[in-house]
Structure formats: structure tokens, C-alpha cells
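Participant: Heads up: take any position in the sequence shown, counting from 1, add 194, and you land on this note's numbering.
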Amino acid sequence: MEVFDRLNTLITEILSTPAATTEEVERFRITYLGTKNVLKPLMGEIRTIPNERKREFGQLVNRAKEVAQQRYNDLQRAVQQEQSEQQGSSLDLTAPAEPLPLGSRHPIALTMRRIISIFERIGFTVAEGPEIEDDWHNFSAMNTPEDHPARDMQDTFYVAAGMPAGPDHTAMLLRTHTSSVQARTMESQAPPIRIIAPGRVYRNETISARSHAQFHQVEGLYIAEGVSFADMKATLLHFAREMYGADTKIRLRPSYFPFTEPSAEMDIWWGLETKHDHRITKGTGWLEIMGCGMVDPQVLTNCGIDPERYTGYAFGMGIERQAMLLYNITDIRLMFENDVRFLRQFASVL
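1) What are the start and end residues of the alpha helix (DSSP H) that includes residue 375?
2) How close, in whole Å, do the beta carbons of residue 468 and residue 488 come, if the pair is a contact with beta carbons under 8 Å?
3) In angstroms with no decimal places, state the Cα-to-Cα distance between residue 524 and residue 432.
4) What do you reckon, are the CB atoms on residue 498 and residue 479 nearer than 8 Å?
5) Does the beta-carbon of residue 539 have 16 or more other beta-carbons within 10 angstroms, so that it is buried, or is it exposed?
6) So, at 6 Å on beta carbons, what are the nonlocal neighbours of residue 356 in its own chain, with the 5 sequence-adjacent residues on each side left out?
7) What residue range does the beta strand (DSSP E) around residue 482 cover?
8) Mapping DSSP to helix, strand and coil, what is residue 523?
9) Using CA atoms only, rank isn't needed, just tell me which of 428, 536, 474, 227 is closest to residue 313.
10) Return the chain-ordered list of same chain residues with a C-beta closer than 7 Å to the C-beta of residue 520, the five sequence neighbours on each side being excluded.
11) Only counting the same chain, and skipping five residues up and downstream in sequence, which positions put a Cβ closer than 8 Å to that of residue 152?
12) Take residue 414 and list the residues in its own chain whose beta-carbon comes closer than 6 Å to its own, dropping the five residues that flank it on each side.
13) Could you check the C-alpha separation between residue 233 and residue 198 for me, to the nearest Å?
14) Hey, residue 461 and residue 474: beta-carbon distance below 8 Å or not?
15) By a C-beta neighbour count over all protein chains shown, 10 Å radius and 16 as the cutoff for buried, is residue 268 buried or exposed?
16) Identify every residue that forms a DSSP beta bridge with residue 328.
17) Taking the C-alpha atoms as reference points, what is the distance between residue 210 and residue 251?
18) Less than 8 Å between the beta carbons of residue 517 and residue 302, yes or no?
19) Residue 493: which of 262, 278, 373 sits nearest, CA to CA?
20) Grab me the residues of residue 501's own chain with a C-beta within less than 7 Å of its C-beta, minus the 5 sequence neighbours each way, in chain order.
21) Counting C-beta neighbours from all protein chains within 10 Å, is the total for residue 187 16 or more, i.e. buried, or is it exposed?
22) Mind pulling the beta strand (DSSP E) runs of 3 or more residues that sit fully within the segment 258-296?
23) By how many angstroms is the C-alpha of residue 255 removed from the C-alpha of residue 247?
24) Can you tell me whether residue 242 is buried or exposed, with buried defined as 16 or more other CB within 10 angstroms of its CB?
25) Mind reading off the beta-carbon distance from residue 515 to residue 483? Whole number of angstroms is fine, and I expect it under 8 Å.
26) Relative to the C-alpha of residue 381, which candidate in 417, 245, 217, 240 has its C-alpha closest?
27) Do you know how far the Cα of residue 353 is from the Cα of residue 359?
28) Could you check what DSSP says for residue 397 in three-state terms: helix, strand or coil?
29) Name the one or two DSSP bridge partners that residue 461 has.
30) Buried or exposed for residue 329, going by 16 or more other Cβ atoms inside 10 Å?
31) As a quick exercise: from 503, 249, 225, pick the residue whose alpha carbon is nearest that of residue 385.
32) Output needed for residue 513: all residues of its chain with C-beta closer than 8 Å, excluding positions within five of it in sequence on either side, in chain order.
33) Is the distance from the Cβ of residue 369 to the Cβ of residue 332 below 8 Å?
34) Rounded to the nearest angstrom, how far is the Cβ of residue 213 from that of residue 273, given a contact under 8 Å?
35) What does residue 411 pair with, by DSSP beta-bridge criteria?
36) Buried or exposed for residue 457, please, with buried defined as at least 16 other CB atoms from any protein chain shown within 10 angstroms of its CB.
Shown next as C-alpha cells:
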């Protein structure tokens, strides 16, 4: 019948219709799959088909629809692939990429990593401990007397009970130094011990350009048989020259710390070439960078180490102080304000 011939012709037409652009593919969709497609008038002629051929006619109409849908999918896929290949071929792969903004590492993190690296190269390992500490590890184990001013509320942030510890040493506080990590290490590890303890510490101090209520320290501890003051001096001289230059000079001045005996302050020769040098060294040319000394035998006893067999030295320094010297930062508050203008200055520092 004529209607069957028209359907077969239409199927052949669908299979042979080209479409090389997005617009041509869309015209194909409208013609053969749209709401007013060319198949709809043919479907209306089913009433003229004899009953015995209506089934055959319906199957042929459905095949025409399926062929049109498949042809549309194939044409659409081919055009999209062609466009993708053309777009890719137009790219200049030798052109420089879009610049990506570099992140910034904080000067405290940079300085801490530098200090840790120096000591790791000579055998020290990093030890860590809690920032909320008990009185025993923060004070008593480190030979700090019960009446020492550092225990007062004016210097220490207590976080439990609100008062300094009694004889049971149960008061909790924000650690005032990382010496508490040394105490915990000595309690849990047998000599030889060679550690550095970097971390954040807290003291109830007035915030100014030179001091802050929170800051960072790196403390070191070496305990073994036969450790001497000369060993400590050689280690700290090595650190100073790695940190500030091969020609750096140091000096050790007598001092006092509850947990070391003898104790010393270590200075480096900074020079007096500029007004800034005169100001930060108070006209002497020498600049204090850390405290140090031989571990007091009582501290070893407190932590379960035999002072008759072992000796050791300890040292500690403020990381902010080192960062201010390295990067010529004049106000410690800049390191805690997260001002992006300040931090961007360290974007290229590794």
C-alpha cells in the first residue's frame, strides 16, 4: 500500500540525512522528533489500513521513530566530538599557564622548621606534649619551688580550680614553657635521651611590641653518661652558626633557672653597624637568644633518672624572637593578627 511505501521511504531518508553542525542537528530533531514531526500525519492514516495489517503498520511506525531517535543521537554525538577536537587543536600547549597565586607560610612556622631541621641533623628527635598541663610536669618536676613567682596567677593561666596547686600538684594550667615535655619524656624514656620540644606556650603578660600572652618555644634536652658543659657549648655554637651564619660568635653568661645548675644565658654577636643594631643590643653588640644549662640532679631524681650515672644539658629559646631577628620584624603582634599584607611577604619563602 502507498502508506507503507511512504514510511519505508521516510526511514531511508532519516538514515541518509546529514547534519554537520549543531543547528543542522537541531533541525533534524524538529523534523523527525519534534511535536509536529513528519511521522504524525502518517500515524493518522491507521484508520484507512485494513484490520489484518494494522499491527504491521504500527510496528513500521515504531521502527521509524526508533530509527529517527538513534540517528539523532548519533548525529549529536558526532558533532560534539568534532567540536571538542577542533577546540583542542586550537589550544597552544606551549603558551604559559594562568599564574596561580602562591600561598604564604607563616614566619613562625618557617623559623620553627629551620630550627628543628638544624637539630634533627645532629641526632635530636621531636617530642610533643599537651598544652593544658598539670602543675607537676610544668613546675614541680622541673624543680620550681612552691613559692616561686611563676606559679602566681599574675604569670600563669590556671584552667581548673582557679588557684595554684597544693601539695598534690593537681592544678591544671596552660603550660608556661615546653619544659613540661622534657619532664614527660624523662619519666617515660630511659637515657640516652636527645630531644627537642617545639610548641605553643602561654604566660599572663601584657601584650606589646616585644611580648605576648601566647608565643612559641623550642626546648632541647640531652641526657646520657658523661655529658658535659663543653658538649652543650659545642652543640649551641653549631646551632648559632647554622642559624645565623658560619662566622657567628657566641658567649655564655652565668644565669639562674630552677631546673639547671649551672645555668647560662647565650648571646650571639650581632654587631653595631646600624642604629637598629644599637637599639636591639642596647649598645653592646651582643644579643641574647636563649637560656641553657646542665640539668639539675634533682630534676633527674624527680623524673626517675639516676643522677649519679647520668648527666645532661637543656636549652630553650623563643621562636618569635628568632623569627624577628631573621626577618627583621619589629612588632611581635604582627605574627598573631593574620594580616594578609604581612603574610604575603613570605609567599616565596620555602
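Where is the CB? At the ideal position from N, CA and C, for every residue including glycine.
Facilitator: Based on what the coordinates show:
1) Position 181 of the sequence shown holds residue 375. From DSSP, the alpha helix (DSSP H) with residue 375 extends over 373-382.
2) Here residue 468 corresponds to residue number 274 of the sequence shown, with the count starting at 1. Here residue 488 corresponds to residue number 294 of the sequence shown, with the count starting at 1. No, residue 468 and residue 488 are not in contact; Cβ-Cβ is about 36 Å, not under 8 Å.
3) Working through the sequence shown from its first residue, we reach residue 524 at position 330. Working through the sequence shown from its first residue, we reach residue 432 at position 238. Looking at the two C-alpha atoms, the distance is approximately 26 Å.
4) Start at 1 with the first residue of the sequence shown, and residue 498 comes out as number 304. Start at 1 with the first residue of the sequence shown, and residue 479 comes out as number 285. Cβ distance not < 8 Å, so residue 498 and residue 479 don't count as in contact.
5) The sequence position of residue 539 within the sequence shown is 345, counting from 1. Exposed.
6) Walking along the sequence shown from the start, residue 356 turns up at place 162. For residue 356, the predicted model reports a pLDDT of 47, less than 50, meaning its position is unreliable and no value from the coordinates is stated.
7) In the sequence shown, the residue the question calls residue 482 occupies position 288. Residues 480-489.
8) As a position in the sequence shown, residue 523 is number 329, starting the count at 1. Residue 523 falls in the coil class under three-state DSSP.
9) Here residue 313 refers to the residue found at position 119 when the sequence shown is read from its first residue. For residue 313, the nearest C-alpha among the options comes from 428.
10) Here residue 520 refers to the residue found at position 326 of the sequence shown. Hits under 7 Å: 305.
11) Residue 152 lies beyond the range of the chain shown here (195 to 544); nothing can be said about it.
12) Indexing the sequence shown from 1 puts residue 414 at position 220. Within the same chain, residue 414 has close Cβ partners 390, 509.
13) Sequence index remark: in the sequence shown, residue 233 carries index 39 (1-based). Sequence index remark: in the sequence shown, residue 198 carries index 4 (1-based). Taking the straight line from one Cα to the other gives about 12 Å.
14) On the sequence shown, position 267 is the one that residue 461 refers to. On the sequence shown, position 280 is the one that residue 474 refers to. No; because the gap between Cβ atoms is not below 8 Å, this pair is not in contact.
15) Sequence index remark: in the sequence shown, residue 268 carries index 74 (1-based). That one is exposed.
16) Mapped onto the sequence shown, residue 328 falls at position 134. DSSP output for residue 328 lists 366 as bridge partner(s).
17) What you label residue 210 is simply residue 16 of the sequence shown in a count that begins at 1. What you label residue 251 is simply residue 57 of the sequence shown in a count that begins at 1. Roughly 22 Å between the two C-alpha positions.
18) For the purposes of this step, residue 517 is identified with residue 323 of the sequence shown, where counting begins at 1. For the purposes of this step, residue 302 is identified with residue 108 of the sequence shown, where counting begins at 1. Yes, these two residues count as a Cβ contact at 8 Å.
19) On the sequence shown, residue 493 is found 299 positions in, with the first residue counted as 1. Considering only alpha carbons, the answer is 373.
20) To locate residue 501, count along the sequence shown from 1; it is residue 307. Closer than 7 Å at Cβ, skipping near neighbours: 491, 494, 495.
21) The structure shown does not extend to residue 187, since the chain is modelled only from 195 to 544, so the question has no answer here.
22) none
23) Translated into the one-based positions of the sequence shown, residue 247 becomes position 53. Translated into the one-based positions of the sequence shown, residue 255 becomes position 61. Taking the straight line from one Cα to the other gives about 12 Å.
24) Start at 1 with the first residue of the sequence shown, and residue 242 comes out as number 48. So residue 242 counts as exposed.
25) Position 321 of the sequence shown, counting from 1, holds the residue named residue 515. Position 289 of the sequence shown, counting from 1, holds the residue named residue 483. Yes, they are in contact, since the Cβ atoms of residue 515 and residue 483 sit about 7 Å apart, within 8 Å.
26) Reading the sequence shown from its first residue, position 187 is the one you call residue 381. Of the listed residues, the one whose Cα sits closest to residue 381 is 417.
27) By 1-based counting over the sequence shown, the position of residue 359 is 165. By 1-based counting over the sequence shown, the position of residue 353 is 159. Caution is warranted here: a pLDDT of 49 is assigned to residue 359, below 50, making its placement in the model unreliable, and no coordinate value can be reported.
28) Residue 397 sits at position 203 when you count from the first residue of the sequence shown. Residue 397: coil per DSSP, three-state reduction.
29) What you label residue 461 is simply residue 267 of the sequence shown in a count that begins at 1. Residue 461 pairs with 445, 482.
30) Locating residue 329 in the sequence shown gives position 135, counting from the first residue. By the neighbour-count rule (16 or more Cβ atoms within 10 Å), residue 329 is buried.
31) One-based indexing of the sequence shown puts residue 385 at position 191. Looking at the Cα atoms, 503 is the closest of the given residues.
32) The residue labelled residue 513 in the question sits at position 319 within the sequence shown. Same-chain partners within the cutoff: 302, 305, 306, 309, 392, 409, 410, 411, 412.
33) As a first step, residue 369 is located in the sequence shown; it is residue number 175 there, counting from the start. As a first step, residue 332 is located in the sequence shown; it is residue number 138 there, counting from the start. Contact: yes.
34) As a position in the sequence shown, residue 213 is number 19, starting the count at 1. As a position in the sequence shown, residue 273 is number 79, starting the count at 1. Sure, about 7 Å apart at Cβ, within 8 Å.
35) What you label residue 411 is simply residue 217 of the sequence shown in a count that begins at 1. Residue 411 is bridged to 393, 512.
36) Within the sequence shown, residue 457 is the residue found at index 263, counting from 1. The residue in question, residue 457, is buried, as its Cβ has 16 or more Cβ neighbours within 10 Å.
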